[in-house]
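Visitor: Here it is, the structure, as structure tokens.
Number of protein chains: 2
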Amino acid sequence: MKIVLDGYGGDNSPYAMIDGAILASNKIESKIIITGNEDELKRELKKRNYNGDKIEIADAKEVITNYDKPTKAVVEKPNSSLVVGLKLIKDEQADAFVSCGSTGAILAGSIRFVGRAKGVNRPALATFVPTKTGVCLVLDVGATTATKPLNLLQYAQMGEIYIKKCYNIENPRVALLSNGTEETKGSDLVKEAYPQIKDSGVNFIGNIEARQVPFGVADVVVCDGFSGNVMIKAMEGFGVLFKDALKEMFYKSALTKISALLVKKELDGLKKTFDYSEYGGAPLLGLKKPIIKAHGSSNAKSVYHALIQAENFIKTRVIEEMSNILSDFGEE
Amino acid sequence: MKIVLDGYGGDNSPYAMIDGAILASNKIESKIIITGNEDELKRELKKRNYNGDKIEIADAKEVITNYDKPTKAVVEKPNSSLVVGLKLIKDEQADAFVSCGSTGAILAGSIRFVGRAKGVNRPALATFVPTKTGVCLVLDVGATTATKPLNLLQYAQMGEIYIKKCYNIENPRVALLSNGTEETKGSDLVKEAYPQIKDSGVNFIGNIEARQVPFGVADVVVCDGFSGNVMIKAMEGFGVLFKDALKEMFYKSALTKISALLVKKELDGLKKTFDYSEYGGAPLLGLKKPIIKAHGSSNAKSVYHALIQAENFIKTRVIEEMSNILSDFGEE
């Protein structure tokens, strides 16, 4: 097995990628191919005294940034670390791809170079959100905004099998995001998708409101890419607001600083619960090969987690299984 | 001026309503008409030694609950505290309406009995969310899920004038909720509404992501009722999750309890910031008269705030002004 790691996506590239790859190289079976400026990558590996054979480098001199227009960039920057990496997947020289780069460019590039898996109408970007009892997979969070009922049905099927296979959840509870829990609630899209998911064989627990998601009532939450994006970003923003407020509270005076010391252990635990990097990256479901989008601010540990997640994604052969069970729509 | 208060909506009815009304009666000019079981309401007022002339009672023996189907209930329960109240507004015997009852029933009843203001295509339910710098008005959060670009434009206009007039914000910043900040980002609905809002004379600051909302970058956030509902409920749920986690942290041991004592003042401040009841209820914008939906779990203080908000809504004559500036759509 080989995993391609985009060496030049994200805020801490290429250092977090190199450190993350070295960390993972002791843990996973796969070889890791880092794409990017060969001279720099080699120099950094040498600096860290890495001389194993699990990490390879594929030269790529260009970089796609968040300022590039995604669909344009993946065409006009063929020598970017992202496109060089995706082409290795396309040419079957590697089995999975991990990047901390621009979500839009990863999406556009993956659809263009890797392509949809058999039977998939629209791929979905899935992400984990922390809950009271663990985590919950939410999809789609932004791959498609013009979502059809069929897409929601396929997201339910893809999400269920991914979380079942890769996270060993026996009978994951799949819910549909709506503005009320009753079957009759929701947008036209939700109302149309509801009976289709209900009849699909998925372990469907019905509609769910966004306020229930943090309490762990579902393992998979299905939604259109627009409202899914709104939901995870609302949680993210509110989380940062809270963190800032806590920080301010504990830094206010000598007394509050003592207070912080007394709950240090608990605060660390709290921080860990709400630390997205602990849960690995966001898988792109519905493509021919495993693609993981890790957070742009990923550090070495997050990259390490994403690489482990990618190997797990390959080993569990989720994609083959997905294509077998997906509801048919008549290939486009 | 007269304000109708639904005496039998919400978890703490009718006690929170009676206490809230008595509190408000010393603060506002308006008379307050509480709808509901006359005998019980009179008895409760007597128990509290209220013998002023600012509170009246309108008898209504039925109650609409959250279990009732809204559109059906407002027809089949003509003697409910909600419908009796709304009919007082319709018959111009009162000027504003406050209820802590079922959102769906308030919406359905208001549209049926009070009706849309001149020039309004679809009314919007607007709600306040706490931010780092104050509050932000989000609309629509659930009145309509089949939203058209024109509706978003009118929400922008209605939200701007409401916050300007009722909250004295000189030049409120109006933003459009999207899944990216660029003008080209968003669902088809958002992309179509963007130029219309931009050209409308509203102080439009462009697209905003849900994660930015808690940081106070906008005073008014415009969205379709489905994703608006998702956003505020995601924030609400994540807020409760955080509160629970904090509570657990501080109650863990003798040491953590001491820690809590040391930051007691700051914790109270934090709690206040994230306490929705401080900001009053959710105004229904676009109806002929001011209608305020207060939280179902409202206590006397929240009811008091909602009554003050309602009087302010009447006094500022926002509705008349709204009808003058709304973009024309050709009355249906």
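Line order of the protein sequences matches chains P and Z.
If you want the working numbering, it's the position in the first sequence, counting the first as 1, plus 55.
If you want the working numbering, it's the position in the second sequence, counting the first as 1, plus 55.
Glycine included, C-beta positions come from ideal geometry on N, C-alpha and C.
In this text the structure is predicted, and so the values were computed from the model without any measurement.
Give the straight-line distance between the Cα atoms of Lys127(Z) and Leu180(Z), rounded to the nearest whole angstrom.
Guide: Those two C-alpha atoms are separated by around 20 Å.
Visitor: Kindly examine the ligand ATP and report whether one of its heavy atoms sits closer than 7 Å to the Cβ of Ser282(P).
Guide: For the structure depicted, the ligand ATP is absent and the ligand set is empty, with no information on it obtainable.
Visitor: Check whether the segment 207-214 of chain Z touches the segment 339-347 of chain Z, counting contact only when three or more Cβ pairs, one atom from each stretch, lie closer than 8 Å.
Guide: yes
Visitor: Note down, in chain order, each residue of its chain lying with its Cβ closer than 8 Å to the Cβ of Ile263(P), except the 5 sequence neighbours on either side.
Guide: Ala230, Leu231, Leu232, Ser233, Thr236, Val272, Ala273, Val276
Visitor: Under 8 Å Cβ to Cβ from Gly241(P), same chain only, skipping five residues before and after it: list those, please.
Guide: Leu231, Ser233, Asn234, Gly235, Tyr249, Asn262
Visitor: Do you know whose CA, among Asn367(P), Ile87(P), Ser80(P), lies nearest Lys219(P)'s CA?
Guide: Asn367(P)
Visitor: Any contact of the segment 162-173 of chain Z with the segment 353-361 of chain Z, i.e. 3+ C-beta pairs under 8 Å?
Guide: Taking 8 Å as the limit for Cβ pairs, the verdict is that the segment 353-361 of chain Z does not touch the segment 162-173 of chain Z.
Visitor: What is the residue span of the beta strand (DSSP E) that Leu194(P) lies within?
Guide: 190-194
Visitor: Have a look at the DSSP bridge pairing and note the partners of Thr135(P).
Guide: Here the sequence assigns Ser to residue 135(P), which means Thr is not the residue at that position. According to DSSP, which records beta bridges pairwise, Ser135(P) is partnered with Glu117(P).
Visitor: At a CB distance below 8 Å, what residues from the segment 252-270 of chain P approach chain Z? Give them in sequence order.
Guide: Within the segment 252-270 of chain P, those residues whose Cβ lies closer than 8 Å to any Cβ of chain Z are, in chain order, Glu264, Ala265, Arg266, Gln267, Val268, Pro269, Phe270.
Visitor: Comparing the C-beta of Thr328(Z) with each C-beta of chain P, is any distance below 8 Å?
Guide: Residue contact with chain P for Thr328(Z): present (Cβ-Cβ distance below 8 Å to some residue of chain P).
Visitor: As a quick exercise: from Ile110(P), Gln209(P), Asn67(P), Ile89(P), pick the residue whose alpha carbon is nearest that of Lys82(P).
Guide: Ile110(P)
Visitor: In whole angstroms, what separates the C-alpha of Ser253(Z) from that of Glu375(P)?
Guide: The sequence given here has Lys at residue 253(Z), not Ser. Looking at the two C-alpha atoms, the distance is approximately 47 Å.
Visitor: When the Cα of Lys319(P) is compared with those of Leu301(Z), Phe152(Z), Arg228(Z), Asp243(Z), which residue comes out closest?
Guide: Leu301(Z)
Visitor: Identify, in the order they occur along the chain, each residue of the same chain with its Cβ nearer than 8 Å to the Cβ of Asn104(Z), setting aside the five sequence neighbours on each side.
Guide: Closer than 8 Å at the Cβ level, and outside the excluded window around Asn104(Z), lies no residue.
Visitor: Would you say Phe183(P) lies against chain Z (beta-carbon separation less than 8 Å)?
Guide: no
Visitor: Could you give the first and the last residue of the continuous alpha helix (DSSP H) run that contains Ile299(Z)?
Guide: Per the sequence shown, residue 299(Z) should be read as Asp rather than Ile. Where Asp299(Z) is concerned, the enclosing alpha helix (DSSP H) stretches over 280-305.
Visitor: Check each residue of the segment 284-295 of chain Z: if its Cβ is closer than 9 Å to any Cβ of chain C, include it; give the result in chain order.
Guide: Absent from the structure is chain C; the protein chains it does hold are P and Z.
Visitor: Please classify Val373(Z) as buried or exposed, where buried requires at least 16 neighbouring CB atoms within 10 angstroms.
Guide: buried
Visitor: Of all the alpha helix (DSSP H) runs that stay within the bounds of the segment 132-182 of chain P, which reach a length of 4 or more residues?
Guide: 136-145, 158-164
Visitor: Please decide whether Met56(Z) counts as near chain P, where near means a Cβ-Cβ distance under 8 Å.
Guide: no
Visitor: Compute the Euclidean distance between the alpha carbons of Ser136(Z) and Ile58(Z), then round it to the nearest angstrom.
Guide: Each residue's alpha carbon lies about 14 Å from the other.
Visitor: With which residues is Phe259(Z) paired in a DSSP beta bridge?
Guide: Val229(Z)
Visitor: From Gly170(Z) to Leu141(Z), what does the alpha carbon distance come to, in whole angstroms?
Guide: 10 Å
Visitor: Skipping 5 residues on each side, what residues in its chain have a beta carbon closer than 7 Å to that of Gln364(P)?
Guide: Gly335, Gly336, Ile347
Visitor: So, helix, strand or coil for Lys348(Z), using DSSP?
Guide: Correct three-state label for Lys348(Z): strand.
Visitor: Where does Glu387(P) fall in DSSP's three states?
Guide: With a pLDDT of 48 at Glu387(P), under the threshold of 50, the predicted position of this residue should be treated as unreliable, though the coordinate-derived value follows. For Glu387(P), the secondary structure class from DSSP, reduced to helix, strand or coil, is coil.
Visitor: Thinking Pro269(P) and Leu325(Z) are a contact (beta carbons under 8 Å), I'd like their distance in whole angstroms, please.
Guide: In fact, because the Cβ distance is near 18 Å, the residues do not count as touching under 8 Å.
Visitor: Buried or exposed, going by whether 16 or more other CB atoms sit within 10 Å of the CB of Tyr122(Z)?
Guide: Around the C-beta of Tyr122(Z), fewer than 16 other C-beta atoms lie within 10 Å, and the residue is accordingly described as exposed.
Visitor: When you compare only the Cα positions, how much space is there between Cys155(Z) and Gly65(Z)?
Guide: 5 Å
Visitor: Please report the straight-line C-alpha distance between Leu381(P) and Pro185(P), rounded to a whole angstrom.
Guide: 27 Å
Visitor: Kindly indicate which three-state DSSP category Pro185(P) falls into: helix, strand or coil?
Guide: If DSSP states are grouped into helix, strand and coil, Pro185(P) belongs with the strands.
Visitor: Could you check whether the Cβ of Asp108(Z) sits closer than 8 Å to any Cβ belonging to chain P?
Guide: no
Visitor: Can you check DSSP and say which residues form a bridge with Gly91(P)?
Guide: Asp114(P)
Visitor: Would you report the Cα separation of Arg167(Z) and Leu192(Z), rounded to the nearest angstrom?
Guide: 25 Å
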